[in-house]
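Chains as they are written, first to last, in my numbering: chain B, 1 to 783; chain X, 784 to 1076; chain V, 1077 to 1249.
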Amino acid sequence: MPDATATLGGIGHSVKRKEDPRFLRGRGNYIDDIKLPGMVYMDIVRSPYAHARIKSIDASAALAIPGVAAVVTGKDLEAAGLAWMPTLMSDTQMVLPTDHVVYQSQEVAVVVAATRYAAADGAAAVEVEYEPLEPVVDPFKALEPDAPLVRPDKDKKSNHIWHWEAGDREATERAVAAADVVVAEDIYIPRIHVASIETCGCVANFDRVSGKLTVWMTTQAPHAIRTVFSLVSKIPESKIRVISPDIGGGFGGKVPVYPGYVCAVVAALTTGLPVKWIEDRSENLQADSFARDYHIRAELASDKSGKMQALRIKTLADHGAADAAANPSKFPAGLFSICTGSYDMPQAFVEVDGVYTNKPPGGVAYRCSFRVTEAVHTIERMVDSLALKLNMDPVELRQKNFIQPDQFPYRSCLGWEYDSGNYPAALQKALDKIGYADLRREQAEKRARGELMGIGISTFTEIVGAGPSNTFDILGIKMFDSAEIRVHPTGSAIVRIGVQTQGQGHETTFAQIVAEELGLPVENIEVEHGDTDTAPYGLGTYASRSTPTAGAATAMAARKIRDKAARLAAHLLECSVDDLEWKDYQFQVKGAPERARTMADLAFAAYTNHPQGMEAGLEAVCYYDPPNLTFPFGAYIAVVDIDRGTGEVHVRRFVAIDDCGTVINPMVVEGQIHGGLAMGLAPALYEQIWYDADGNMHGGTLMDYLVPTAMETPSWETDRTVTPSPHHPLGAKGVGESATVGAPPAIVNAVVDALSHLGITHVDIPMTPPRIWRILQEKGVAL
Amino acid sequence: MIPASFRYAAPQSVGEAVDLLAAHADAKVLAGGHSLLPLMKLRLAMPPVLVDINRIPGLDYIREDPQIEQLRVGALARHIDFERSQLIQDRYPLLWDAARGIGDPLVRNRGTLAGAVAHADPAADWPAALLAANASVVATSPRGERIIPLSEFFRAILTTALTPDELVTELRIPFPEPRSGGAYEKLERKVGDYAVIGVGVQLSLNAAGTIAKAGIGLCNAGSTSIRATEAAAYLVGKPPATDYINEAAQLAMQASDPIEDDRGPVDYKRAMVRELTRRALRRALARAEGGRP
Amino acid sequence: MSAPVEKMTVSLTVNGQSHTVEVEPRLLLVHLLREDLNLTGTHIGCDTSNCGACTVLLDGIQVKSCTLLGVQADGASIETVEGLEQNAQLHPLQEGFWQEHGLQCGFCTPGMLMTAKALLAENPSPTEAEIRRGISGNLCRCTGYVNIVKAIQYGAAKLRGEAGVSTQEAARA
């Protein structure tokens, strides 16, 4: 019997990606590839000041440049009620300012011109006169009573945005006070930027005859954008079409609505011409949504044997000039309360305060799973800090405190119900793969010779798949997701989903789900998404939610089809549905397997031979409301060597064991891990955005924002365990961000481990050579 | 991303090129273009005229001239040409090291040694390496040719001894002495970045085994590329032992005057001058003694 | 700067086809390819010549087309990603990237392919370290580079006349 499963390409197979043929040939369709007849170009004039009053804007020189058609300012937008727009966290943000700017590189005016080059000339020629104001840069100082206001437009005359907390404050205080051992650390996770290789942009086209607005846009959530555009512009959603074509990397940076998009739409509406806006890399780094910027004070308490008793965290969240993070609405600090991690933590209390500063708005745009990167960084650092205090091997301390496999589903003291996990198995696999005992021996030898080598562990639990409708919404829209499947008479199918790939391989993996569920070969299943005119409503792809939500929707829609197909099979086989079983990808009569029909047979029958009273066709749609989030997890181990002469940290080895439940395409999952690890290494050692006292940004071009090359990146060693999710139809969990979450603390723990004999208990990221060198120098071990 | 407008000329000879430079005071020379074009794309430089010398034939040579006992490098010799040259790897390892660390492979395919020297960015590797190698510049103008020792060439940041109508047409590096070695050490934040600090060393040993001649050049350690003359002079007559290496490195550090920026604070950079000088000296000495580290 | 600059004529061969275009001197080569010749496979990822997404071959040499003027390509022979496939056959490197999952979003891929092509032309049997060094001017945010290295190794093997064996074969069974 030939093995049908490889040709089927169902779940578990490393099917070659169906989307690759066009990318390999340079025939992707990214925003900047789109050309429409009569298209004009938009460029943006940006503020050099972090905080300033606009005294005047003189567009005359710009308008005199041949090809420049228009210059639009905040005053123009104000007349149309569009100078401000809502953010995804129900704050407001300027589209273009009417009187003052609140961050360096803020959009101040836009220029529309016949060519890209004329638009650039126009933008350079707009003269803006500013009166600089004192910027608010330090988020702690921003909360002082005499601090300048970043947002004088808000009713609450303060730079404090919100306070959020979770857990039992008093019980945690008591537990900390009563504990034998308490360790405390101040942890700053600096601002970083996702810097996908494609920047943001759109082509907006308003057809004056049909009244339809079409926007091709770098967006990870086209439907949500359509709804927001409709609410803001009052154009009905039936007259708005948002299309995400191919997107060159998203990672969260293509979720927010940037002023450039809105200005391009306004320009399209007013000119009746297609308007293209593509930002330069510098604009992207300097003005688009950042991630992290959390100032954390954490305490972990245990008894003297190392059994954890309590976790207490206080965080100041620097949100820039608006809370434009794309969090679910009830979670201004995202899913930070996953911070009790993989441990059986009796008590915890966590509080976060969001604050305005004169920096670009944002918060969760760097593969962070809604602040899970920050949460995991904190707990994994604190665990190692505790291990140091107790003089205990960090492996032993983790094993002592892990939530055990028989404790799942596990309700954390901060309210999450972890669906499944096996932390000891993952850790053991990592230890075996890296040869932990040998490494400790090597470290001891090297330490005796004065060489600095460290081993760092991170055992993380992720939380993805937002989310259940009773808790999760964005701007009130519940966070279900969707799939619509239609099977054609000759046995091929089209699947449309509400999520949006930006490189995760959905055209392949979602086809694989359907292949598995319906027994149709994967190459005969076409997956479409990103066009709001045709795709069912979904909340898009970010925070690793696609497989948990739309993947489930796809399976459930396929099962609806299978239910109808069963009835067709019963009709064809002249038996009852109860006589049939779905086996070997076909309906077989129980006990008489030679009497069978494949899905291809049944698809044909659905159009040619369906029973009286049954509707023709073979299709289904499912809007899936997940009953819970899913909790992927992993065990990572990093080995580092520190150069005592230069302070450079060299990552010698990195082992990553990941568990995302059922694996749809092992090759794709592994690729997600590789990429995520690189985006964990980068903030740990290289990337940082910071502001000087005048609000000037550092790290605003790729010259200084250090995205690692293939030379900085080690050869990742990966493997997996498989602990399915009990509530997901496929047993699958998300995985796209696990590595970005788990990797940085492994690397920090390794560096601290290399230096712990010198009395170091914590190092902030990025662990740049000057930072490490200063530690070496202070401890007298620099060469 | 888009440069301002300019007029463009692609002369076919050195004479034509320098005539154009003489005729247009604010013209800039386009050679490799990987320093100039990025500045123009950010509109930090807006030259009204660009003189593209890439079409001038016969300028891409790297050859030894036994008549003058110098290595002669034409204006269009690119970084990659040094990386690929067996002659350079064997006899001018300082230059080989320096070339291999510049930018990334794509940059090295276009960037020129002469361009890097003429641009005079203290953050560039070539000037520091060539200062250690005791190089000289051949500058051509409509008035003829002159030779400028590199030690007199860098006046200030991005400013050289060239007159506006002069084109760097050749660099000359003395033949290696017997029992000589050189090395270039570059600390960078990541591949493709400019040096945090770079140190070039060229030295030779005499028959007694002590150091006969030495040259040390510092990259990104001041407002111009620095020739650490005191450190180099100190080494003459000294045995190649650790204490002397350390003292020379200390002197090189004292010759440096780096600024605090995104690549590091002042004390770190100064310490790196010392550390990289030690490393460059050790490797240069090993090469001089016949090893190939 | 106020008087418009005269356009210049550029004649160049791209993927074997001759073209003649009238361009401003300041037109970047990448824009000439993408806009004037409609070859949008070459991408733009930055504005400081750091990312390599725009890599093409100019007379066989891998270069950043964003850091070259179109006028500099007059008389040159350019190869872009669109020219890799010949007679409906994917180039071994394209095959390698497909087999080894060397791309995710695809945006850096054309630049990677062109750099790899030039790398292998000069060094048909590169070590992993040589491959990593060879692509150190091409940034990728999606793949973490491991599979790109494998893709190039696959392509190199095929170009040497060996059978292409994917490291993913076991998981394809």
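Note that CB positions come from ideal geometry on N, CA and C, so glycine has one too.
Query raised in the report: In its own chain, which residues sit with a C-beta less than 7 Å from the C-beta of His160/B, not counting the 5 before and 5 after it?
Result: Leu143, Asp353 and Val355
Query raised in the report: Is the shortest distance between the beta-carbon of Asn1003/X and the beta-carbons of chain V less than 8 Å?
Result: no
Report task. Could you name the residues of the same chain whose beta carbon sits closer than 8 Å to that of Leu1087/X, not counting the 5 residues immediately before and after it, in chain order? Result -> There is simply no residue 1087/X to check, as chain X begins at 784 and stops at 1076 in what is shown.
Requested in this report: Provide the residue(s) that pair with Val101/B in DSSP beta bridges, ordered along the chain.
Outcome: Ala52/B
Query raised in the report: Exposed or buried, Ala827/X, counting other C-beta atoms within 10 Å across all chains shown (16 or more means buried)?
Result: According to the sequence displayed, residue 827/X carries Leu and not Ala. With fewer than 16 other Cβ atoms within 10 Å, it is exposed.
Requested in this report: Determine the chain V residues that contact Asn837/X at a beta-carbon separation under 7 Å, and present them in chain order.
Outcome: Gln1148
Requested in this report: Please name the residue in Ala70/B, Phe349/B and Glu78/B whose C-alpha comes closest to that of Ala175/B.
Outcome: Phe349/B
Query raised in the report: Whose Cβ in chain B lies nearer than 7 Å to the Cβ of Val1106/V?
Result: Under the 7 Å cutoff, chain B gives no residues; its nearest Cβ is about 11 Å from Val1106/V.
Query raised in the report: Rounded to a whole number of angstroms, what is the C-alpha to C-alpha distance between Tyr607/B and Ile434/B?
Result: 57 Å
Query raised in the report: Buried or exposed: where does Val72/B fall if 16 or more other Cβ atoms within 10 Å of its Cβ makes it buried?
Result: buried
Report task. Report back the beta-carbon spacing between Asp753/B and Ile455/B to the nearest angstrom; my notes put them in contact at under 8 Å. Result -> 6 Å
Query - Residue interval of the alpha helix (DSSP H) (run including Ser385/B) - result: Val372 to Leu390
Query raised in the report: Whose C-beta lies closer than 7 Å to the C-beta of Leu149/B among residues of the same chain, with five residues either side of it excluded?
Result: Lys157 and Asn159
Query raised in the report: According to DSSP, which residues form a beta bridge with Lys157/B?
Result: None; Lys157/B has no bridge partner.
Query raised in the report: According to DSSP, is Val1139/V helix, strand or coil?
Result: strand
Requested in this report: Could you tell me which residues DSSP pairs with Pro722/B in its beta bridges?
Outcome: It should be pointed out that residue 722/B corresponds to Val in this sequence rather than to Pro. None; Val722/B has no bridge partner.
Query - Interface residues of the region 1165–1181 of chain V facing chain B [CB-CB below 8 Å] - result: Leu1166, Gln1170, Phe1173, Trp1174, Gln1175, His1177, Leu1179, Gln1180 and Cys1181
Query raised in the report: Leaving out five residues before and five after Ala61/B in sequence, what residues of the same chain have Cβ atoms less than 7 Å from its Cβ?
Result: Ala125 and Glu127
Query - Test: Ser1212/V CB closer than 8 Å to a CB of chain B - result: yes
**Report entry** Integer Cβ distance of Ala114/B from Gly122/B, believed to fall under 8 Å
**Finding:** Incorrect: roughly 10 Å between the Cβ atoms, too far for contact.
Query raised in the report: If we count Cβ pairs, one from each stretch, closer than 8 Å, do we get three or more for the region 916–934 of chain X versus the region 949–968 of chain X?
Result: yes
Requested in this report: Kindly list the residues whose CB is nearer than 6 Å to the CB of Ala793/X, restricted to its own chain and excluding five residues on each side of it in sequence; keep chain order.
Outcome: Asp835 and Arg838
Query - According to DSSP, residues forming a beta bridge with Thr952/X - result: Thr952/X is not bridged to any residue.
Requested in this report: With a 10 Å radius around its C-beta and 16 neighbouring C-beta atoms as the bar for buried, classify Asn391/B as buried or exposed.
Outcome: exposed
Query raised in the report: In whole angstroms, what is the alpha-carbon distance linking Gly400/B and Met345/B?
Result: A small fix is needed here, since residue 400/B is Lys in this sequence, not Gly. Taking the straight line joining both Cα atoms gives about 12 Å.
Query raised in the report: Where does Asp1050/X sit, in a helix, a strand or coil, going by DSSP?
Result: helix
Report task. Have a look at Pro959/X and Ser1087/V and give me their C-alpha separation to the nearest angstrom. Result -> 45 Å
Report task. Check the Cβ of Pro1202/V against every Cβ in chain X and list those closer than 7 Å, keeping chain order. Result -> The contacting residues do not exist; Pro1202/V stays about 12 Å from chain X at best.
Query raised in the report: Could you give the residue range of the alpha helix (DSSP H) that holds Met94/B?
Result: No alpha helix (DSSP H) contains Met94/B, which is instead part of the beta strand (DSSP E) from Thr92 to Met94.
Report task. Tell me whether Leu88/B sits in a helix, a strand or coil according to DSSP, three-state version. Result -> coil
Query raised in the report: Just how far apart, CA to CA, sit Pro48/B and Ser105/B?
Result: 6 Å
Query raised in the report: So is Met1/B in contact with chain X if we call contact Cβ pairs under 8 Å?
Result: Reliability of the predicted coordinates at Met1/B is poor, the pLDDT of 40 falling under 50, and the value obtained from them is presented with this limitation in mind. Met1/B does not count as touching chain X.
Query raised in the report: Using the beta-carbon of each residue, which ones in chain B are nearer than 7 Å to Asp880/X?
Result: Within chain B, no residue comes near Asp880/X; the closest Cβ sits about 16 Å away, beyond 7 Å.
Query - Distance between Arg22/B and Lys212/B (C-alpha atoms, nearest Å) - result: 29 Å
**Report entry** Interface residues of the region 1108–1128 of chain V facing chain X [CB-CB below 7 Å]
**Finding:** Asp1123, Thr1124, Ser1125, Asn1126 and Gly1128
Query raised in the report: Are Thr1118/V and Pro1186/V touching if we call contact CB-CB under 8 Å?
Result: yes
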